[in-house]
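Participant: Quick note: the sequence shown uses full-length UniProt numbering, first residue 1, plus one each step.
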Amino acid sequence: MREKYLYALEDSSIGIKGGSKSSNLRYLIRKNYAVPKGCVLSWDALSDYLLLGESVLMEIREELRGYIQPDKVYAVRSSASIEDHSEFSCAGLFQSYLNVRGEEEIITSIMKVWQSLYEEKLRAYCVTNHIDTQSILMAVIIQEMVDARTSGVIFSKNPITGLSEIIIEAGEGNGDEQVRARTSPERWVSKWGNWIEKPEEHIITESFAKELAEHAHNLAKSYGKPVDLEWAHDGERLYFLQVRPITQLDIPIYSNRITKEMLPGIIKPLVWSVNTTMINKIWTQILVQLTGDTGINPETLTGYYYGRAYFNMALFGQVFESLGIPYEGLELLLGLEQDGPRKPHMKPGMKAVKRLPGFVKISRSFLTAEKRYRKMEPLKWKVYEDIREELSRSGSLDEDLMIARRISEETEDVAYFNIMLPMELMMHHRMLAGFLRKQGYDIRNLLLEGVEDAANKYSPHYHLTELKKKYQLPKASLTIEEKENLEKDISVFLERFGHFSDSGNDCSKIPWRETPELILKMVEMAAEPLKEDERMRFDELKLPMGKRGLYGVFYRRTSRYAVLRESISSLYTFGYGQFRNVFVKIGSALAKEGLLEDQEDVYYLYWKELVELIEEKKTLPLKELVRQRKEELAGYEKRSVPEIIVGKEQPPCQEDTCEDYRGIPTSLGVYSGPARVLNGFSDFERLLEGDVLIIPYSDVGWSPLFARAGAVIAESGGILSHSSIVAREYRIPAVVSVPGACRIPDGMRVTVDGYSGNIFVEKQ
C-alpha cells in the first residue's frame, strides 16, 4: 500500500496521479480563482483496491476524516487519466455524484466512479477513438458543494464553429437542478468585447456576464488555448468548478460570409464549377505557400449548399491561427468583421516560427504584386480582345470548349491579383484607420488620393452622368441628330461597359450589352455625387509631427491600392465576362440540336457534364436535368439559409423571424424611408426617389441606382465594397453584411443607422 491516497486539492505533490481534472483545478487555484475546497483520491487507490480489497477502503475512510465534515455535502467526481484532454473530453462517460454526505456515502460513490471504468459506453468510445482501455487510470475528486443561486458554463471560443466568440450559459440553481427542472439556460455571446447575443429577460446581470466573459478571456490567454469553464455563484462569491481545453471537432465548417461578396446569391451549376475551380486553385497556392502543406485538396475549400457558395472557414481558420492571426483573419482583412473593445491582434508564437519560410514567401508576393500587375495589365486586355476575335471565328463546339478553357487559364492570373490587391488595400486601410482613430479621425470621412479619378475612369455612373449632361436628359424630345449621336454614344458606352451586369462574378447574369434599351433609362436617372467639400483631405489633418511621415506613407499606399483595386476589378470583370460569350454560344448550339430548351439552360450544367457532352459525346437527359435543377434553385431563392454550416450535410433552411437587423456601418448618417428590395438591376425602375435601397450584394453595376436612394442596405459587403464607396460619395448612410435584409417587405418603413449598423423595421 502507498503512504497515502488522499491529497488536498491544491497539493501538487500528487502529480499526474490525480488525473487531468484535478490538475486543471490546481491551475485555477494557482491563478487565485475561487475553487470549492476538496481533496483528490489518487489512481493508486483503485490499483491497490483491485489487489488488496477492503483494507484499501479502510485506509481511505481513515484519510477522509481529515478532509470532510459531517454537516457538509460533497460532489464526488471522476478524474481519469484521459479525461479533459485537448484530444478527448470523455464527456458523460464517467459518473459524478452530487449532494453526497458522510464518509460511507462518499466511499460508495467512489466505488461507483471506479465501476464506470468497466461500462460498455466507455469501451465503445475507446474503440472509436483508438484508446487502449487497459491504459486508463482513475482518480476521484471530492469537493464541497456550492449552494448555487446561479450556475452554468463558459466557452472562451465557439466550440462548434471555432469563431472568436465567448459563449456564456446561465441558469438558476446548480446544473443538476436545471436538468431536473428541464429549463434551458439563457445564452450570452460576446465577440471582442461586444455583445452579439443576449437574452431580453435575464437571470444574471449584464455586468456579471461581462465579468464572466473577462475571466474566460484571461484564463484562455494564460492557459494558452481555448477553454470551457463550469461556474457557480452562491449569491456572494463566484466559484469555478472546472476548466478544460476545448476539444476541436475535425469537421469542415462552411461559411458564406466571404462568398456572399465574391459569389453572391443563387449560383447556377456551371458558374459554380467554373468559378470555384479557378478560385480554389489560387487559394490553395496561397495556403500551400503559408503552410508548406502540399496535401491541401482544392475541392475541400468550398461547398455548394442551397445553390450558394460557401468557404471552408475551418481550414482557413486553422492556418491563420497557426500564424498567430485570429480565426476570422480573412473576414477581418476583407472588412467583413467589426472590431470591438477587445480588438484582435496578430500574436505569432512558436508555431508561427515553423511557418516563417512560407510567411516570407507570401510577403514577397504581396510586396511585388503591384509591379507584376502593372506589367501584366495591358497584355491581358490584348489577350481578351484576341479571345473575342477568336470566338467570332470558331465554328464548332469543340473549338468553343477550347476557348472556354483558354479564358479560364488566362483569367487565373487576373483572379490572383483580384484577390491579392484588394487584400493589400484592406491591410493598409485597416492600419491607416487605426492610426487615424487614435487621433480622433474617422477614415470613412477621408478622401483617398486618386480614387475619384479612378472611379471616373473605371466606373460607369460617371459616364452615365456625363451623357445626361451632354443631352440635358430627360427632356420632352430630341432632334434626329441628337438621337443619332446619343445612339452612337451609347454604343461607345456599351463597348466600354457592356460587360457589366448585376454581378461581375456571375457570367450567367445578363450583361448590359444585351439590354441596350435599359441604358437610356439609366442615363435619364443618373445624378452626380454630392461635392466632396466636407470630406477631409490628408494634408488638412492635424497630426503629430513625429507621426505625420509614417501616416503619410500608409495614406499614399492605401490610396494607390484603392486605385489598383478599381483597375483590377475592371480587368477581371471584362475578362471573366468572356465566359458569357462562349457559354451562350455553346448553349445556343445545344438548343438548336434540341438538347436544351434555351441557350441560357447551359448554365444549369456542371463544367464536367459540359465537357463530357461535347468531348465524349456522352448522352444525358439534359432537358429533364435542367428542369429539376431550375425547380430546386427556385425553391431556395426566397429561403433564409444559414450563414454557417457544420459538416458536409445540407441542413434544412431556417425560418427568419427577425424584425430588426444589424450589419457593418460603412457610410455615416441616419435615414428613414420606405424599403425597396431589388434582386436584379433590371428592377431599377421600381426604385423611387428617397427609397431605402436594399440589394443582395455589392457590385459596381449597381452604382447608378444610388443617385435616387436615401440609404443603402446590402446583404453582403465590407467597408471597401462598391456599395460602401459609392454611398460615401453620395453622402447617404450605408449598412452592409446584413443577413436576411432582402426579406424586409417592400414598402415597409425602415431606419438605417450608418453609425451603429442597426436597422430598425417599423412594425405594421
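Every residue gets a Cβ at the ideal spot worked out from N, C-alpha and C, and that includes glycine.
Which term fits Asn445, buried or exposed, when burial requires 16 or more other beta carbons within 10 angstroms of its beta carbon?
Facilitator: Translated into the one-based positions of the sequence shown, residue 445 becomes position 445. Label assigned to Asn445: exposed.
Participant: Using CA coordinates, which residue listed in Ala415, Tyr730 and Gln439 is at the minimum distance from Thr573?
Facilitator: Taking the sequence shown and counting its residues from 1, the one referred to as residue 573 is at position 573. Among Ala415, Tyr730 and Gln439, the Cα nearest to that of Thr573 belongs to Ala415.
Participant: What are the start and end residues of each continuous alpha helix (DSSP H) run of 4 or more residues lying completely inside the region 489-565, in chain order?
Facilitator: Complete alpha helix (DSSP H) runs here, min 4: 517-525.
Participant: Please report how far the alpha carbon of Ala8 lies from the alpha carbon of Ala216, in whole angstroms.
Facilitator: For the purposes of this step, residue 8 is identified with residue 8 of the sequence shown, where counting begins at 1. For the purposes of this step, residue 216 is identified with residue 216 of the sequence shown, where counting begins at 1. Roughly 25 Å between the two C-alpha positions.
Participant: Can you have a look at Arg374 and say buried or exposed, based on whether 16 or more other CB atoms are within 10 angstroms of its CB?
Facilitator: Here residue 374 is taken as the residue at index 374 of the sequence shown, counted from 1. That one is exposed.
Participant: Using CA coordinates, which residue listed in Arg308, Ser508, Lys617 and Val553 is at the minimum distance from Val582?
Facilitator: Position 582 of the sequence shown, counted from the start, is the residue given in the question as residue 582. If we check each option's Cα against that of Val582, Ser508 comes out closest.
Participant: Can you give the beta carbon distance from Ser682 to Leu518, rounded, assuming they're within the 8 Å contact cut?
Facilitator: Counting from one through the sequence shown, the residue named residue 682 turns up at place 682. Counting from one through the sequence shown, the residue named residue 518 turns up at place 518. Confirmed, about 7 Å.
Participant: I need the straight-line Cα distance from Glu214 to Ile266, nearest angstrom please.
Facilitator: Position 214 of the sequence shown, counted from the first residue, corresponds to residue 214. Position 266 of the sequence shown, counted from the first residue, corresponds to residue 266. Between Glu214 and Ile266, the C-alpha separation is close to 41 Å.
Participant: On the premise that Pro252 lies in contact with Ala314, defined as a C-beta separation below 8 Å, what is that separation, rounded to the nearest angstrom?
Facilitator: Indexing the sequence shown from 1 puts residue 314 at position 314. Indexing the sequence shown from 1 puts residue 252 at position 252. Rounded, the Cβ-Cβ distance is 5 Å, consistent with contact.
Participant: With a 10 Å radius around its C-beta and 16 neighbouring C-beta atoms as the bar for buried, classify Pro460 as buried or exposed.
Facilitator: Indexing the sequence shown from 1 puts residue 460 at position 460. When all chains shown are included, Pro460 counts as buried.
Participant: Using the three-state DSSP reduction, which class does Ile419 fall into: helix, strand or coil?
Facilitator: Your numbering for residue 419 matches position 419 in the sequence shown. In the structure shown, Ile419 sits in a helix (DSSP, three-state: H, G or I).
Participant: Looking at the C-beta of Lys469, does it have a partner C-beta in chain D at a distance below 8 Å?
Facilitator: Although the question refers to chain D, the structure presented lacks it and comprises just one protein chain.
Participant: Report the three-state DSSP secondary structure of Tyr413 (helix, strand or coil).
Facilitator: For the purposes of this step, residue 413 is taken as residue 413 along the sequence shown, with counting starting at 1. Here residue 413 is Asp; the residue named in the question, Tyr, does not match the sequence. Asp413: helix per DSSP, three-state reduction.
Participant: Tell me where the beta strand (DSSP E) around Met138 begins and ends.
Facilitator: Taking the first residue of the sequence shown as 1, we reach residue 138 at position 138. Note, Met138: beta strand (DSSP E), Met138 to Glu144.
Participant: Which of helix, strand or coil does DSSP assign to Asn256?
Facilitator: What you label residue 256 is simply residue 256 of the sequence shown in a count that begins at 1. Of the three classes helix, strand and coil, the one that applies to Asn256 here is coil, per DSSP.
Participant: Please state the DSSP three-state secondary structure of Tyr697.
Facilitator: The count along the sequence shown starts at 1 and reaches residue 697 at position 697. Looking at Tyr697 - three-state DSSP - the assignment turns out to be coil, as it is neither helix nor strand.
Participant: What are the boundary residues of the alpha helix (DSSP H) that Arg372 is part of?
Facilitator: Along the sequence shown, one-based indexing puts residue 372 at 372. Note, Arg372: alpha helix (DSSP H), Leu356 to Arg393.
Participant: May I have the straight-line CA-CA distance separating Thr751 from Ile713, to the nearest angstrom?
Facilitator: The count along the sequence shown starts at 1 and reaches residue 751 at position 751. The count along the sequence shown starts at 1 and reaches residue 713 at position 713. Looking at the two C-alpha atoms, the distance is approximately 10 Å.
Participant: Considering Cα atoms alone, identify which of Glu201, Asn312, Gln318 and Leu270 is closest to Thr291.
Facilitator: The sequence position of residue 291 within the sequence shown is 291, counting from 1. Selected option, being the one with the closest Cα: Gln318.
Participant: With DSSP run on the structure shown, which of helix, strand or coil describes Ser222?
Facilitator: The sequence position of residue 222 within the sequence shown is 222, counting from 1. If DSSP states are grouped into helix, strand and coil, Ser222 belongs with the helices.
Participant: Among the residues of its own chain, which have a CB less than 6 Å from the CB of Asn418, if the five just before and after it don't count?
Facilitator: The residue labelled residue 418 in the question sits at position 418 within the sequence shown. Ile568 and Tyr572, listed in sequence order.
Participant: Using a Cβ-Cβ cutoff of less than 6 Å, which residues in the same chain neighbour Thr284 once the five nearest sequence positions on both sides are dropped?
Facilitator: Sequence index remark: in the sequence shown, residue 284 carries index 284 (1-based). Only Ile296 and Pro298 meet the Cβ criterion.
Participant: What's the call for Gln578, buried or exposed, on a 16-neighbour Cβ count within 10 Å?
Facilitator: As a first step, residue 578 must be located in the sequence shown, where it is residue number 578. Buried.
Participant: Can you give me the C-alpha to C-alpha distance between Gln178 and Gly171, rounded to a whole angstrom?
Facilitator: Within the sequence shown, the letter at position 178 stands for residue 178. Within the sequence shown, the letter at position 171 stands for residue 171. So the two alpha carbons sit approximately 7 Å from each other.
Participant: Could you have a look at Tyr441 and say whether DSSP puts it in helix, strand or coil?
Facilitator: In the sequence shown, counting from the first residue as 1, residue 441 sits at position 441. Coil at Tyr441, not helix or strand.
Participant: I believe residue 768 touches Arg149 by the beta-carbon criterion, under 8 Å. Please report the beta-carbon distance rounded to the nearest angstrom.
Facilitator: Nothing in the structure corresponds to residue 768, since the chain is present only between 1 and 764.
Participant: Can you tell me whether DSSP reads Val726 as helix, strand or coil?
Facilitator: Position 726 of the sequence shown holds residue 726. In the structure shown, Val726 sits in a helix (DSSP, three-state: H, G or I).
Participant: Taking Phe240 as part of the beta strand (DSSP E), name the residues at either end of that continuous run.
Facilitator: The residue given as residue 240 occupies position 240 in the sequence shown. Phe240 -> beta strand (DSSP E) spans Leu238 to Pro245.
Participant: State the CB to CB distance for the pair Ala454 and Val563, rounded to an integer number of angstroms; the pair is presumed to be in contact (CB under 8 Å).
Facilitator: Counting from one through the sequence shown, the residue named residue 454 turns up at place 454. Counting from one through the sequence shown, the residue named residue 563 turns up at place 563. Confirmed, about 4 Å.
Participant: How is Asn194 classed by DSSP in three states: helix, strand or coil?
Facilitator: Translated into the one-based positions of the sequence shown, residue 194 becomes position 194. DSSP places Asn194 in strand when its eight states are reduced to three.
Participant: Residue 769 and Val646 look like a contact to me (Cβ under 8 Å); what is the Cβ gap, rounded to whole Å?
Facilitator: There is no way to answer for residue 769, as the model of the chain reaches only from 1 to 764.
Participant: State buried or exposed for Met58, treating a residue as buried only when at least 16 other CB atoms are found within 10 Å of its CB.
Facilitator: As a position in the sequence shown, residue 58 is number 58, starting the count at 1. Result: exposed.
Participant: From the DSSP output, which residues share a beta bridge with Thr751?
Facilitator: For the purposes of this step, residue 751 is taken as the residue at position 751 of the sequence shown. In DSSP, Thr751 forms a bridge with Ser672 and Phe760.
Participant: In whole angstroms, give me the CA-to-CA distance for Tyr97 and Ser23.
Facilitator: Here residue 97 is taken as the residue at index 97 of the sequence shown, counted from 1. Here residue 23 is taken as the residue at index 23 of the sequence shown, counted from 1. Distance between the alpha carbons of Tyr97 and Ser23 is about 20 Å.
Participant: Where does Asn297 fall in DSSP's three states?
Facilitator: Working through the sequence shown from its first residue, we reach residue 297 at position 297. It is coil, neither helix nor strand.
Participant: Helix or strand or just coil, what does DSSP make of Leu590?
Facilitator: By 1-based counting over the sequence shown, the position of residue 590 is 590. Three-state result, Leu590: helix.
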